[in-house]
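Reading through the structure tokens given below for one structure.
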Amino acid sequence: MARGQYKKWLKQENLLLLQGWKRDGLTDEQIAHNIGIRRETLYDWIKKYPNISNALKMGKEQANFIIENALFKKAKNGHVTAQIFWLKNNWRDKYNDSQLSVEERELLKHRIKDSELDTKIKEAKLKILQSEGTNAEDHLLELIEAIEKEDDKEHGTDQGINS
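Numbering-wise (numbering that gives the first Met the number 0), the sequence shown opens with residue 0 and increments by one.
Listed below in structure tokens is the structure:
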């Protein structure tokens, strides 16, 4: 591969070609093959050259609009599968496969977080009891505080609030 090959792909006609390939559904691997480079090189070009990145993004957006319009037309014409797909992806709070309400899903997330925290605390207690013996209680309290602070940072929660 000759160095500087990217320069020819910065020309308007080649940017349109890249855009068209992406619009037609080609993968990055296929586009790189068409150019005559490795996929990793294409990714480097995308990072370094905004025109190449924008052409590929525009092509993908065009493809998404084409598919979205086709799906919408099918849904409007009574295609039940298209209707279900459309509703599940565009009205998720009302139409989804989950039997849980939005509130129940949030509660479940908090319970999982609490369970993870309890597990960390129990592991810390066991570790201290196995290694410390008599001074275990002081070390245990320190570890519990550290775990709670870590959990608050991870989840952006206020201290002292239990769900």
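We put the beta carbon where it would ideally sit given N, CA and C, even for glycine.
Do you know how far the Cα of residue j is from the Cα of residue i?
i, j, result
"Q18", "N53", "8 Å"
"R22", "L14", "12 Å"
"E153", "A74", "42 Å"
"L125", "G155", "27 Å"
"S100", "K108", "12 Å"
"N68", "T118", "48 Å"
"I111", "Q98", "18 Å"
"L106", "D113", "11 Å"
"R2", "Y48", "15 Å"
"Q29", "K72", "30 Å"
"E60", "R104", "32 Å"
Am I right that residue i and residue j are in contact with their C-beta atoms under 8 Å? What's the rounded C-beta distance?
i, j, result
"L16", "N50", "No, L16 and N50 are not in contact; Cβ-Cβ is about 13 Å, not under 8 Å."
"L55", "I65", "In fact, because the Cβ distance is near 16 Å, the residues do not count as touching under 8 Å."
"L140", "A123", "Rounded, the Cβ-Cβ distance is 10 Å, inconsistent with contact."
"Q4", "I36", "7 Å"
With a threshold of 8 Å on Cβ separation, who are the neighbours of residue i within its own chain once the five nearest residues in sequence on each side are excluded?
i, result
"L70", "A81, F84, W85"
"Y42", "D27"
"L25", "N33"
Taking all protein chains shown into account, decide if residue i is buried (16 or more other Cβ within 10 angstroms of its Cβ) or exposed.
i, result
"I34", "buried"
"W20", "buried"
"M0", "Residue placement at M0 is flagged as unreliable, the pLDDT there being 48, under the threshold of 50; a coordinate-derived value is accordingly withheld."
"G77", "exposed"
Counting only the same chain and skipping the five closest in sequence on each side, list residues whose C-beta sits under 7 Å from that of residue i.
i, result
"I120", "I143, I146"
"E115", "none"
"I127", "A135, H138, L139, L142"
"K7", "N13"
Counting only the same chain and skipping the five closest in sequence on each side, list residues whose C-beta sits under 6 Å from that of residue i.
i, result
"D150", "L116"
"N88", "none"
"K148", "none"
"R38", "D27, E28, A31"
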